[in-house]
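For reference, the structure discussed in these notes is given below.
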Amino acid sequence: FAKRYVAGGLAEDAFLLTRELNDMGAVTTIDLLGEFNEDPAKARATVDMYKHVLDSIKEQNLDGNISIKPTALGALVSMEFCTENITELVKYAHEKNIFVRIDMENNPYTDYTIDLYLKLDAEMPGSCGTVIQSCMRRTLDDLKHITSTSSKANIRLCKGIYKEPSDVAFQGRKEVQENFMSALDLLFSKKAYVGIATHDDVLINGAYDLLKKHNLKKEEYEFQMLLGVRSELRKRLLAEGHTLRVYAPFGEDWIPYSIRRLQENPAIVGSAIKGFLTGGR
Ligand code: FMN
Numbered sequence: 003f004a005k006r007y008v009a010g011g012l013a014e015d016a017f018l019l020t021r022e023l024n025d026m027g028a029v030t031t032i033d034l035l036g037e038f039n040e041d042p043a044k045a046r047a048t049v050d051m052y053k054h055v056l057d058s059i060k061e062q063n064l065d066g067n068i069s070i071k072p073t074a075l076g077a078l079v080s081m082e083f084c085t086e087n088i089t090e091l092v093k094y095a096h097e098k099n100i101f102v103r104i105d106m107e108n109n110p111y112t113d114y115t116i117d118l119y120l121k122l123d124a125e126m127p128g129s130c131g132t133v134i135q136s137c138m139r140r141t142l143d144d145l146k147h148i149t150s151t152s153s154k155a156n157i158r159l160c161k162g163i164y165k166e167p168s169d170v171a172f173q174g175r176k177e178v179q180e181n182f183m184s185a186l187d188l189l190f191s192k193k194a195y196v197g198i199a200t201h202d203d204v205l206i207n208g209a210y211d212l213l214k215k216h217n218l219k220k221e222e223y224e225f226q227m228l229l230g231v232r233s234e235l236r237k238r239l240l241a242e243g244h245t246l247r248v249y250a251p252f253g254e255d256w257i258p259y260s261i262r263r264l265q266e267n268p269a270i271v272g273s274a275i276k277g278f279l280t281g282g283r
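3 is the number of the first residue of the sequence shown in my numbering; add one for each residue after it.
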């Protein structure tokens, strides 16, 4: 039942989904599920699988890129090992002219992820971007640092999904929303390319206002949504002519990811349980 949130078990499922979404005018970012992995062999297998994804995007002429996570690529083994793996992947993708998004995980990895992104961005401009979470108290400082270091920052802005302590992150919905809007305003004023990653109407309407205020063209930002969440909103954004990227995860590790999606969105738990009881029919 929770498979509504994932493309399927195989990379090929993510390619088929990307083709389908491309035909509807949307683009994707493909993610291999699996995080907080302590096994170096599994991290290397993840590098190989992502290379297969990059080869296929190119061969099949798909409009999609990839999203990767440090803890899937060896951050729990050692930071050096993780850096080697991520650098190898970003180089490989850059040669194929495919963009890499380095997802943001929980706060032990925030500094590491931002530093690595800025280093790779300096070496290979335009090759990659990272994610900034508006729940974090440090967010505006991070964005000032990033936009003054990178000549063309590429940031996915989202609320942040990890449970963080209150000295590190805002706990209230309103504060997280307000910080999101301040962060987006700052990013636009610094001419960064932003992936506006939210399904929250308050934030989407706020983003519309800022798009007008900064007089942005369609090529200068995109909206991003998770697979299986608010597909009617996805259609509306597409109909209005915005670029819309769908996060398309695949892999056998789909259960924890799907449980997180369900916990986030109690409104659909009822129908998901119904789907479970009825075998999805
Ligand atoms: N949360 C993170 O903490 N790190 C990420 O890298 C991340 N990537 C996301 C990518 C997309 C396309 C979207 C839509 C969300 C992502 N999230 C990520 C989850 C958001 O932080 C948030 O938990 C979720 O979107 C629910 O918030 P909403 O009401 O704004 O949609």
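Glycine residues also receive a C-beta, built at the ideal position from the N, C-alpha and C atoms.
Sort out for me which residues DSSP pairs residue i with in a bridge.
i: residue 34; result: 252
i: residue 223; result: 196
i: residue 29; result: 247
Starting from residue i, trace the beta strand (DSSP E) in both directions and tell me its first and last residue.
i: residue 157; result: 156-160
i: residue 67; result: 66-70
i: residue 132; result: 130-135
Determine the burial state of residue i: buried for a count of at least 16 other Cβ atoms within 10 Å of its Cβ, exposed for fewer.
i: residue 243; result: exposed
i: residue 249; result: buried
i: residue 150; result: exposed
i: residue 161; result: buried
i: residue 265; result: exposed
i: residue 185; result: buried
i: residue 22; result: exposed
i: residue 77; result: buried
i: residue 174; result: exposed
i: residue 71; result: buried
Does residue i come out as helix, strand or coil in the three-state DSSP assignment?
i: residue 100; result: coil
i: residue 209; result: helix
i: residue 77; result: coil
i: residue 138; result: strand
i: residue 247; result: strand
i: residue 9; result: coil
i: residue 231; result: coil
i: residue 279; result: Low confidence applies here, because residue 279 scores a pLDDT of 39, under 50, leaving its location unreliable; read the following figure in that light. Helix, per DSSP.
i: residue 270; result: Any answer about residue 270 is weak, because its pLDDT of 48 lies below 50 and its placement is not dependable; what the coordinates show is given next. Helix.
Go to residue i, then tell me how far its alpha helix (DSSP H) extends in each direction, as first and last residue.
i: residue 184; result: 175-191
i: residue 153; result: First-last for residue 153: undefined, no H or E at that position.
i: residue 168; result: From DSSP, residue 168 is part of no alpha helix (DSSP H); its letter is neither H nor E.
i: residue 51; result: 42-61
i: residue 111; result: Residue 111 -> no alpha helix (DSSP H), and no H or E assigned at all.
Roughly how far, in whole angstroms, is the beta-carbon of residue i from the beta-carbon of residue j, given that I think they are within contact range, below 8 Å?
i: residue 256; j: residue 8; result: 4 Å
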